[in-house]
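Inspection log for the structure reproduced underneath, given as structure tokens.
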Amino acid sequence: MSSSSSVSGNYGRRHLNAERGMPKQCWCGQPAELLTSGSVTNPGRLYYCCARGYHKRHLFKWADECLVEEVEDIKHMISGMSDDISFLILSVAFGWEKRLK
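If you read the sequence shown in numbering that gives the first Met the number 0, its first letter stands for residue 0, the second for the next number, and so on.
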């Protein structure tokens, strides 16, 4: 298998599993299971797959990639909260300033 077909295969699999972060279930409704790879290329690597087992059109997602997505999403949420807090601090300060005058 060439590297280009491998890349496109991974892209297709990721496209099917569009849910970010740790998947709860496969598109078919079966729960996601966390398993350990026994392959030569990824020994011991954790992955999520459909409870029905690995099928090309069902859930397959590396657990470490799920964690990276979760952290990216949390960082984005924290950044938004930080902006909200800054706005509230300025609003409160401005409100107190108006009251003191």
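Beta carbons are placed, not taken as given, at the ideal position from N, Cα and C, and that holds for glycine.
Note that the coordinates shown come from a computational prediction; the quantities given were computed from them, not determined experimentally.
- Excluding five sequence positions before and after leucine 45, the CB atoms of its chain that fall closer than 8 Å to its own CB belong to Leu33, Leu34, Thr35, Ser36, Trp61, Ala62, Asp63, given in chain order.
- In this structure, the alpha-carbon of proline 30 lies about 21 Å from that of valine 67.
- If you draw a straight line from the Cα of glycine 94 to the Cα of phenylalanine 59, it is about 53 Å long.
- In this chain, cysteine 25 is not harboured by any beta strand (DSSP E), its DSSP state being neither H nor E.
- Excluding its 5 nearest sequence neighbours in each direction, glutamate 71 has no C-beta neighbour in its own chain below 6 Å.
- Your pair methionine 21 and cysteine 48 does not check out as a contact, with CB atoms roughly 13 Å apart and the cut at 8 Å.
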